[in-house]
Amino acid sequence: MISNAHAAYKIPVSVLVVIHTPELQVLMIERADWPGFWQSVTGSVDHGEDDLSVTALREVMEETGIDARRDQLTDWEIENRFEIYGNRRKRYPPGTTHNTESVFGLQVPAPMPVKLAPAEHTRFEWLPWREAAAKCFSWSNRDAILMLPEFSSRTL
115 MISNAHAAYK IPVSVLVVIH TPELQVLMIE RADWPGFWQS VTGSVDHGED DLSVTALREV
175 MEETGIDARR DQLTDWEIEN RFEIYGNRRK RYPPGTTHNT ESVFGLQVPA PMPVKLAPAE
235 HTRFEWLPWR EAAAKCFSWS NRDAILMLPE FSSRTL
């Protein structure tokens, strides 16, 4: 059980969701608090979420307005561990330096308009997978997108 003191902190476990079409067009979103930082949907596990797919579904809805329950969400069974940027560590329990990220793919039928959470993201683009990978700031996001052709073929 997490104490109330720790409930205010973010849990250092997150999801990365690569949203794509069958033709490997990838949704990229630009962070509001970090202009020029383009990424796929990401987000931390909320207190009480025991299943990472629940976190993935929630984050997709919050950040894009897409109801991922209607499409094909796939756990790629990839886990990345990375150091949390120093300026972001205050949001985590004291002494926390690393985050563990699980990667998911979400195949949607075609590029579509999305409803961004304005406090989190300012713009979106659908890009061919190689262009999307090149636009990523995060190595884990870039690497996931570069694996998209392999994982997309598994969902057919």
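Residue 115 is where the sequence shown starts when you use this note's numbering, and the numbers rise one by one after that.
Cβ atoms here follow ideal geometry from the backbone N, Cα and C, with glycine treated the same way.
For clarity, every value in this text was computed on a predicted model and none was experimentally measured.
**Simplified DSSP state of residue 148, which is helix, strand or coil** = coil
**Message:** What does the alpha-carbon distance come out to for the pair residue 224 and residue 208?
**Reply:** 43 Å
**Request:** Could you check the C-alpha separation between residue 216 and residue 229 for me, to the nearest Å?
**Result:** 24 Å
**Among 239, 134 and 253, the one whose alpha carbon lies nearest that of residue 264** = 134
**Beta bridge counterpart(s) of residue 219 as assigned by DSSP** = 132 and 188
**Through-space distance from residue 184 to residue 196, alpha-carbon basis** = 31 Å
**Item:** Presumed contact (8 Å Cβ cut-off) between residue 144 and residue 231, rounded CB distance
**Value:** Actually they do not touch by this definition, with Cβ atoms about 12 Å apart.
**Asked** What three-state label does DSSP hand residue 195 in the structure shown?
**Response** strand
**Message:** Just to confirm, is the Cβ distance from residue 182 to residue 129 under 9 Å?
**Reply:** no
**Request:** Between the Cα of residue 126 and those of 153, 161 and 242, spot the shortest distance and give me the residue it belongs to.
**Result:** 161
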